[in-house]
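To start, the structure under review is shown below, and the notes come after it.
Numbering (UniProt numbering), first residue to last: 1 to 90.
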């Protein structure tokens, strides 16, 4: 039921002939072929563009930080206090 057999394809072909007629069917197939060719060329161009933008021409050298740009250590605003042990009650 889920697969196409040769009879299914024959029925589809007959429906195309009935809907479009024998005279217009070659024109429709030609138009479909042109559309597929244009689609393939556009996809190829998009892939070529993505390949050129994905790989940069020259890798950038990392900049070294000057003395003014050196990160300063962060000190906590409140001192850390150790909790005192509470006396044990029995």
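Glycine included, C-beta positions come from ideal geometry on N, C-alpha and C. Given the structure is predicted, the values throughout are model-derived calculations rather than measurements.
Check, Outcome
"Nearest-angstrom beta carbon gap, residue 39 and residue 28 [assumed within contact, 8 Å]", "Wrong, their Cβ atoms sit about 16 Å apart, outside the cutoff."
"Euclidean distance between Cα positions of residue 22 and residue 50", "43 Å"
"Secondary structure of residue 50, DSSP reduced to three states", "helix"
"As assigned by DSSP and simplified to three states, the class of residue 7", "helix"
"8 Å Cβ cutoff met for residue 25 and residue 17", "yes"
"Whole-angstrom distance between residue 52 and residue 31, CA atom to CA atom", "32 Å"
"Distance, residue 42 Cα to residue 75 Cα", "57 Å"
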